[in-house]
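Below: one structure, written as structure tokens.
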Amino acid sequence: MSSSNTTDTTESASQSDHEKAIFGDALRQARAARGHTITEAAKATRLAEYIIEAIEQSDLNRLPPPTFVQGYLRTYARFLGLSEQAAVDNFNRAVPYKRESELHPRTSLPSQTSSHSPLIRSVSIILAFVAVLALSYGAYNYYVKTAVTIGQENASTLARIRTEMHDSGSAQDLTQHSVISEDGALVVVAPDEAEEIKATDNRLSVEAAAEAAAAPAPVEKTGAVASADTGSLEVAAPTPDLLEMQAYGDSWVEISDAADRRLYHNLLKDGHRLSLRGLAPFAVFLGNAPGVEIQVNKIKVKIYRFIRANSVARFSVSTEDGSAVFH
Amino acid sequence: MLLKRFRGMFSNDLSIDLGTANTLIYARGKGIVLNEPSVVAIRQDRGPGGPKSIEAFGKEAKGMLGRTPQNITAIRPMRDGVIADFNITEKMLQHFIRQVHESQLLRPSPRVLICVPCGATQVERRAIRESAAGAGARSVYLIEEPMAAAIGAGMPVDEPRGSMVLDIGGGTSEVAVISLNGIVYAASVRVGGDKFDEAIIAYVRRNYGILIGETTAEKIKHEIGTAYPGKELLEIEVKGRNLSEGIPRSFSLNSNEILEALQEPLHGIISAVKTALEQTPPELGADVAERGIVLTGGGSLLRDLDRLIMEETGLPVVMAEEPLTCVARGGGRVLELIDQHGGDFLAVE
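Protein sequence lines correspond, in order, to chains A and B.
Heads up: the first sequence begins at 1 in our numbering, then just goes up one per residue.
Heads up: the second sequence begins at 1001 in our numbering, then just goes up one per residue.
Right, here's the structure in full:
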């Protein structure tokens, strides 16, 4: 095997040598036949003498890149009256390699991986897509977990409130993520329905606690039993009025009840709901009244006539015999 | 953006020689895939101001040049190597780019390298860039024409050694001295194949009183045009309208007459080459004198043009192999090198 290889190489080498000799020889013979010297040929073709010599001797080391040599051969062949194409073809056969010179850019940047392959590109795009999916799933999971934790925290806070009420007779300052309390009134803000469902138990207990807080004599409610674990609360007390709000746009909301207690004083975000308990009539101030829907004791309140040109509305409302009454 | 990249996966990298006379497209890994005249035929029905539609591109449209009825105009959107009609150029590029992609499913969005004459102004360069982008290119690179021509001709542009290239195109002729991958000196004259045609038309009109069209002039140039007095005298029989009689007449022209007609544009090219040799730093000038000037571009196919330059400058002159496709092939080589080495050869805007 190796021996045959060797013979092949030697054969091809000798062949190429042979052909080289032919392309150089043909030109030299033609020049000799016409009686020209190298100097004359160089003068007529405007080529350097050493180039003509190198061509005749087929000495590639002394010749410039093939592009030039092909041109020189054409010029020289034309001068000698030979076929230009034949001379070039002979040369190309003799020097089949390196038809184009190598190019070496001077600034070699850190080699970039060629992202041209369609396979690599499609795979990378699919990977990126999967990564985005995974991230969004993780974010959703985290959000749901947080909501549940808040619900549990609220339940435990209620238990604390209850014990404090027992001690001091009035509810203390209470602030949570979704639970805001001022002067004993409790507010539940549910950002969306998913959280609302999770927090249902919690809300029940918060409302119950609000009843307890609003009641005139909390000390009497010794029978109230709260379980922080389940979040249920049994309260035997008169029911105060219920004010509910749904925001369809951010709006500033201020609400006080008949006892002049400030029940809510904050920005109500778009899509949030607000439930308050207190004594009617409620004094209501809305910063962006067209974006807010109000119900008092489950009765819808029409507030259109209170809305001023700058969207602000200020009114005081209570219910009598199943309809809203403004004061 | 993302969609463009997606479509790009199904597109080839293209090197486009957007020439005045011909547009050539070299697809990476495929070679020259398109060689069409830069001509577009536009149909405008219902009088001026009516809706315009494209009637034909390329060869088909070139056949219509000077032979159209009122509602069709065959135009060449490139003049003097730069864009003369922006919208038509964009349409033409779009058509050619689509033509070289087999898949009809997705609109192709290739990376495109376009050659610009080194004399093009910033505005002209931007117009070329914008029209390629408008034709659907994902990204557009520009390269100076002589640089692409030199690379396409196989010149050793990366060596610290001067190489002079003369690219004679349809609208412009560019002469440049290149060393170490950069252009040391470049000049562009707005003389090219078109000017040869115009000179022939003017000559025939002056000496024969006969009007011939661009297509006929081009045919004369191809068949008997010569730049240096040769041994043999070629003749051609052509027909044109006799201006005094108003009747088409047949007459014959010989190559010596055409040589006379071409004197002025040829002189423009020779003087550009001489100026370049004057302006070249001495060391590089010596390299050029030793190795010679390389001719590329369709204009260099004019018979004995290399002889003329050789006699005028006293330097060896070398015709590149396949001079018509040098620029597009050179651009293709550069496109292959962009991924590996970054844009060392590219032109700045």
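Here a beta-carbon is modelled for each residue, glycine too, at the ideal position from N, C-alpha and C.
For chain B, is any of its Cβ atoms less than 7 angstroms away from the one on residue i?
i	result
Gly81 of chain A	no
Ser114 of chain A	Caution applies to Ser114 of chain A, whose pLDDT of 44 falls short of 50 and renders its modelled position unreliable; the model cannot decide the point.
Leu135 of chain A	no
Arg46 of chain A	yes
Identify the continuous alpha helix (DSSP H) that holds residue i and give its terminal residues.
i	result
Ala1272 of chain B	Gln1263 to Gln1279
Ala41 of chain A	Ile38 to Thr45
Lys1195 of chain B	Gly1193 to Tyr1208
Ile1016 of chain B	Premise fails: Ile1016 of chain B lies in the beta strand (DSSP E), Leu1014 to Leu1018, not in any alpha helix (DSSP H).
Ile55 of chain A	Glu49 to Glu56
Gln70 of chain A	Pro66 to Leu80
Thr1313 of chain B	Leu1305 to Thr1313
Lys1062 of chain B	Gly1058 to Met1064
Asp89 of chain A	Glu84 to Ala94
With a cut-off of 7 angstroms, does the C-beta of residue i fall near any C-beta of chain A?
i	result
Val1318 of chain B	yes
Met1155 of chain B	yes
Arg1291 of chain B	yes
Met1310 of chain B	yes
Return the chain-ordered list of same chain residues with a C-beta closer than 8 angstroms to the C-beta of residue i, the five sequence neighbours on each side being excluded.
i	result
Gln1158 of chain B	The sequence given here has Asp at residue 1158 of chain B, not Gln. Excluding sequence neighbours, Asp1158 of chain B sits near Leu1180 and Asn1181.
Ile1032 of chain B	Leu1024, Ile1025, Tyr1026, Thr1325, Ala1328 and Arg1329
Strictly by DSSP, which residues pair up with residue i?
i	result
Val325 of chain A	A:Ser318
Gly278 of chain A	A:Asp241
Lys1052 of chain B	B:Gln1044
Met1078 of chain B	B:Ile1083
Tyr1141 of chain B	B:Leu1113
Leu1024 of chain B	B:Asp1017 and B:Asn1035
Leu1211 of chain B	B:Arg1241
Asp1158 of chain B	The partner list for Asp1158 of chain B (beta bridge, DSSP) is empty, contrary to what the question assumes.
Ala1186 of chain B	B:Ala1176
Could you pull out every residue in the same chain whose Cβ sits closer than 6 angstroms to the Cβ of residue i, ignoring the five residues on either side in sequence?
i	result
Met959 of chain B	No answer is possible for residue 959 of chain B: the residues shown for chain B start at 1001 and end at 1349.
Leu243 of chain A	Leu276, Phe282 and Val296
Asp992 of chain B	Examination of residue 992 of chain B is not possible in this model, given that chain B is present from 1001 through 1349 alone.
Tyr1228 of chain B	Asp1304, Arg1307 and Leu1308
Ser1011 of chain B	Pro1108, Ser1109 and Pro1110
Ala30 of chain A	Leu80 and Leu82
Asp173 of chain A	The pLDDT assigned to Asp173 of chain A is 44, lower than 50, so where the model puts this residue is not dependable; a value taken from the coordinates is nonetheless given after this. Same-chain partners within the cutoff: there are none.
Ala1041 of chain B	Glu1055, Ala1056, Ala1061, Met1064, Ile1072 and Ala1074
Val1082 of chain B	Ala1120 and Glu1124
At which residues does the beta strand (DSSP E) containing residue i begin and terminate?
i	result
Ala283 of chain A	Phe282 to Leu286
His265 of chain A	Arg262 to Leu268
Arg1043 of chain B	Val1040 to Gln1044
Thr1296 of chain B	Ile1293 to Thr1296
Leu1253 of chain B	Pro1248 to Asn1254
Glu1174 of chain B	Ser1173 to Ser1179
Lys1239 of chain B	Glu1235 to Asn1242
Ile294 of chain A	Val292 to Val296
Beta-carbon within less than 7 angstroms of residue i's beta-carbon, same chain only, minus the 5 sequence neighbours each way: which residues are those?
i	result
Gln1279 of chain B	Tyr1185
Asp1197 of chain B	Glu1214, Ala1217, Glu1218 and Lys1221
Ala1132 of chain B	Leu1093, Val1112, Ile1114 and Val1140
Met1319 of chain B	Leu1295, Ser1300 and Asp1306
Gly1209 of chain B	Asn1242, Leu1243 and Ser1244
Pro290 of chain A	Ile307 and Ser311
Asp1344 of chain B	Asn1181
Ala1347 of chain B	Val1116, Leu1142, Ile1143 and Glu1144
Touch test, the region 76-88 of chain A against the region 1330-1344 of chain B, Cβ-Cβ under 8 angstroms, three pairs minimum: Too few Cβ pairs lie closer than 8 angstroms, so no.
Residues of the region 65-76 of chain A whose Cβ lies closer than 8 angstroms to any Cβ of chain D, in chain order: Among the protein chains of the structure shown, namely A and B, there is no chain D.
Three or more C-beta pairs below 8 angstroms linking the region 1324-1334 of chain B and the region 1009-1027 of chain B: With a cut-off of 8 angstroms, the region 1009-1027 of chain B and the region 1324-1334 of chain B count as touching, because enough Cβ pairs lie within range.
The region 1141-1150 of chain B contacting the region 1116-1127 of chain B, beta-carbon criterion three pairs below 8 angstroms: Contact holds: three or more Cβ-Cβ distances are below 8 angstroms.
Any 3 or more C-beta pairs closer than 8 angstroms across the region 1065-1085 of chain B and the region 1037-1052 of chain B: Yes: at least three Cβ pairs fall under 8 angstroms.
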